[in-house]
Each structure stands twice: as C-alpha cells, then as structure tokens.
Amino acid sequence: MSLASVCVFCGASTGNHPAYREAAQALGRALAERKLTLVYGGGAVGLMGIVADAALAAGGEVIGIIPQSLKDKEIGHSGLTRLEVVDGMHARKARMAQLSDAFIALPGGLGTLEELFEVWTWGQLGYHGKPLGLLEVNGFYSKLTGFLDHIVGEGFVRAPHRDMLQVSESPHNLLDALDEWQPSLQPKWAEQKPS
C-alpha cells in the first residue's frame, strides 16, 4: 500500500509529560518529510495544534476537519492548508476517514480512544482496508495494549483483527509498518454451526 495521507487522532490538551508534546512534533515532522498529508481534527490547541504546527513548519500539507460546535472551543486552526467545518462529530469522523489512507493515535483522552476504536471497528467489519497504529509514548498505551491482548485471549477479538493495530515508539518505524501492512481476509464472525 502506498500512503498519501494519514489521519492523526490526539488530545486537545498536551498531557502532563513533555514527551507527549515532543512525540506530536516528531510525528508532524515525519509526515511532512515523507510528503504525507496530515488529516486531523482541525484544532489549534493541545497535541492537535502541536502536530499540525510541526507538519506545517516542515513544509507539509495539513487538512483539518472540525464541527461547527467545536470550532470556538477547540479553537479552529487558522493556518492550515485547508480547514473544513462540518455539521457534527459523525460527519467529522467520516470525512477524516474518507480523506485518509491510514490512521495513527497519539496520546489523548476519550475522544482519541473513541475515534481510534470506531475506525478500527470499521476495518474489522470490512468497511475499509486501511492500516492503523498507536504511537507509543512514555508507556502511555502499555496498559491498553495489554488489555487488547487479554480480550483476544478471552475469545472476543480474533488475533488477525488485533494485529490490525500496529504499535511503535518511533514515528518513522510506525509509518513504515503502516505502509507495509496488508489487510486480513479473516471475517469478523466465526462460522456458526447449526445445533
């Protein structure tokens, strides 16, 4: 798969550790260096603003998608290549997915997790065959990845669907993994045997 654009999900705050800010900057630069368009939530605050500013400063193209209701709260970024204002959160996520060839989650809160899991579920159901990944920063996602392995072991997620999520501490290694990823042909549902 050859990537042209990557959607980044991340927090509207910067978190409590400088490593989160540094990771957002590194990812923004890496996307620009690879000539990959950054697609994100359109905000100018938190890690959202940092990843966008880093990509722009490195000469990258950045497309923001923000709902009208959040434009003032998340302070819609005024310096992007393009900022699209949409009707609501569902339209925001659908538009970001439409414009993106892959998805990466930086550290973030409930919105970041919700976006990641929704797009992952879409992939599991076969609605798209796009790769997704976590940029692991300072152990932020270690408990989550452990829990994901647990639910595979408990029989609620199939291993090929768990393997859809690539994880790396390096933006460049993660982008390489996403570029090389191939979708699984494993269906979500196990064959049901009649009783």
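For what it's worth, UniProt numbering labels the leading residue of the sequence shown as 1, then goes sequentially.
A virtual CB, placed ideally from N, CA and C, is assigned to each residue, including glycine.
- In this structure, residue 123 lies away from residue 166, with their beta-carbon atoms at least 7 angstroms apart.
- The region 76-90 and the region 155-166 do not touch, with fewer than three beta-carbon pairs separated by less than 8 angstroms.
- Sorting 143, 160 and 139 by C-alpha distance to the C-alpha of residue 19 places 139 at the top.
- In the three-state DSSP reduction, residue 82 falls in the strand class (E or B).
- Two segments are said to touch when three or more pairs of C-beta atoms, one from each, lie closer than 8 angstroms; by this definition the region 74-81 does not touch the region 89-97.
- From the listed residues 5, 4, 10 and 2, the smallest Cα separation to residue 136 is found for 10.
- Counting C-beta atoms within 10 angstroms of its own C-beta, residue 30 has 16 or more neighbours from the protein chains shown and is therefore classed as buried.
- In terms of Cβ geometry, residue 27 and residue 171 form a close pair [threshold 7 angstroms].
- The beta carbon of residue 179 is closer than 6 angstroms to those of 3 in its chain, skipping five residues each way along the sequence.
- Separation of residue 46 and residue 21 (C-alpha to C-alpha, rounded to the nearest whole angstrom) is 8 angstroms.
- Pairing residue 90 with residue 112, the inter-Cα distance amounts to about 14 angstroms.
- Residue state for residue 64 is assigned as strand, using DSSP reduced to three classes.
- The criterion of a C-beta distance shorter than 7 angstroms is not satisfied by residue 24 and residue 58.
- By alpha-carbon distance to residue 40, the top candidate from 106, 16 and 14 is 106.
- Distances from the CA of residue 55 to each of 65, 43 and 36 were compared; the closest alpha carbon is that of 36.
- Per DSSP, residue 166 is one residue of the beta strand (DSSP E) stretching across 165-168.
- In this chain, the alpha helix (DSSP H) harbouring residue 123 covers 110-124.
- Secondary structure of residue 5 (DSSP, three-state): strand.
- Shown here for residue 116: same chain residues with a beta carbon closer than 6 angstroms to its own, the five before and five after excluded, namely 9 and 105 in chain order.
- Residue 75 sits in coil when the DSSP states are folded into three classes, being neither helix nor strand.
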